[in-house]
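Structure first, then comments.
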């Protein structure tokens, strides 16, 4: 057995495979192609695809291939901005739970076209994700085969980096707990239960709209959330890796594997968990107009997930600062205040700050102003405890007066590394 080396794969990368089995052989035969499946990386060690189980997230470490099985690694030829990359990965995440459309997958390889449904199949999911960011990988993203997608002139093939997986390790991975795999099962259970009384719901966005229109159905949604196990799923990773969330326990850890984990964590210090804060902000906005008990449950869930991500980040940050400060200075993700990426995030999680900062930048015709009052000079600071004081806001540009005010408000603010 073999698997891909996770460090060689970036968010936005597309993986193609020639999976064994009848369906894979049919797809390759009809399209005269080498591949039958496509998937997209959305985060370090995490990818999303659409299979007969629906659209789900998976762990790259658990993606195993036979030794003679073909795997291909592709990336966009041109550079992609953080904003466009976020649009790509956010769309893929938004489709989690959506059902697989076997009939439409079949039409994509035999050139039969009908109005598309809202369901997904693997190559449609990838092509549409890129389309959300303005990249037309194929002429018809609604109906394209994996082979057509692989031959897109906008993509370039990269060398596939794999490593051997021993029989013992494969058996261990197959039987051990894993948060991503449990999340997959929880989402499958949730949407199966939801569709018993709301058959048109495909994903979480649909579920939000359904609850707004059908308050009488909310008790069933509450029951489905509890039965799915989704509300307590965050505890799995803490039980498996307690040191990742505890400064004292992590301080006792040593070795290259710990160093590698901490580096990978700070590289996605804020973008790795921004979806939690964005979902939290969205749920709170919906709750103001539609105060449903099921929304309260999800708000509590995403508050917990946001704090847990903060704990992981700060524990990794502290360990690297103590043992490998050069790694921290080089690899710590820094989202510059008032950059396009910063505004894209803040627009969702704090509309007031977004408007205030945009006005200040426009008035002074410079991004290097205080995010609060517009004064200069101002300096960039990361928010170490954003989950507690301003969920999702990664950084601020502050003058001396506003820096002192924010610190009195409970903000823990660290200067940016000078690069």
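In our numbering, the protein residues as written are 4 to 422. Each residue gets a CB set at the ideal place from its N, CA and C atoms; glycine is no exception.
- Straight across, the Cα-Cα distance linking residue 195 with residue 201 is about 10 Å.
- The Cβ neighbour count for residue 277, taken over all protein chains shown within 10 Å, is at least 16; the residue is labelled buried.
- 379 is the residue among 394, 421, 379, 397 whose C-alpha sits nearest the C-alpha of residue 403.
- Separation of residue 338 and residue 12 (C-alpha to C-alpha, rounded to the nearest whole angstrom) is 21 Å.
- When DSSP assignments are scanned along the region 122 to 207, the uninterrupted stretches of beta strand (DSSP E) that are 3 or more residues long and fall wholly within it turn out to be 158 to 161, 165 to 167.
- Three or more pairs of CB atoms, one per stretch, sit closer than 8 Å, so the region 394 to 403 contacts the region 277 to 293.
- Contact annotation, residue 398 with residue 386: C-beta distance approximately 6 Å; criterion of less than 8 Å satisfied.
- For residue 55, the number of other beta carbons within 10 angstroms of its own is below 16, and it is reported as exposed.
- In this structure, residue 335 keeps its C-beta atom at 8 Å or more from the C-beta atom of residue 213.
- Comparing alpha-carbon positions, the option among 67, 356, 246 lying closest to residue 374 turns out to be 356.
- In the assembly as shown, residue 82 is an exposed residue. Its beta-carbon has fewer than 16 other beta-carbons within 10 Å.
- Exclusion of the five residues before and after residue 287 leaves 302 as the residues of its chain whose Cβ lies within less than 8 Å of its Cβ.
- For residue 402, the secondary structure class from DSSP, reduced to helix, strand or coil, is coil.
- If you draw a straight line from the Cα of residue 236 to the Cα of residue 154, it is about 39 Å long.
- With respect to the 8 Å criterion, residue 73 and residue 41 are not classified as neighbours on the basis of their beta carbons.
- Checking the DSSP bridge columns, you'll see residue 76 partnered with 18, 161.
- Between residue 414 and residue 388, the alpha-carbon positions lie close to 7 Å from each other.
- With 16 or more other CB atoms across the displayed protein chains lying within 10 angstroms of its CB, residue 15 is buried.
- When 156, 87, 69 are compared, the shortest CA-CA separation from residue 345 is found for 87.
- Judged by DSSP secondary structure, residue 290 falls within the alpha helix (DSSP H) whose first and last residues are 277 to 292.
- For residue 54, the enclosing beta strand (DSSP E) covers residues 49 to 54.
- Residue 418 is bridged by DSSP to 384.
- A straight-line Cα-Cα distance of about 22 Å links residue 354 and residue 304.
- In the displayed model, residue 376 falls within coil according to three-state DSSP, outside both helix and strand.
- Residue 418 counts as exposed, since fewer than 16 other C-beta atoms from the protein chains shown sit within 10 angstroms of its C-beta.
- When C-beta atoms of the region 250 to 257 are compared with those of the region 218 to 236, fewer than three pairs fall below 8 Å, so the two segments do not count as touching.
- With a threshold of 16 other beta carbon atoms within 10 Å, residue 295 meets it and is buried.
- In the structure shown, the three-state DSSP call for residue 393 is coil.
- For residue 337, no beta strand (DSSP E) encloses it, and the DSSP letter there is neither H nor E.
- Residue range 40 to 46 is occupied by the beta strand (DSSP E) that includes residue 46.
- The Cβ-Cβ distance between residue 383 and residue 369 does not fall below 8 Å.
- Looking from the CA of residue 218, the closest CA among 290, 261, 190, 161 belongs to 290.
- For residue 136, the closest of 190, 228, 94 by C-alpha to C-alpha distance is 94.
- Under the Cβ criterion (8 Å, minimum of three pairs), the region 144 to 152 does not count as touching the region 49 to 64.
- A direct Cα-Cα distance of roughly 20 Å separates residue 47 from residue 125.
- Here the C-alpha atom of residue 9 lies approximately 16 Å from the C-alpha atom of residue 261.
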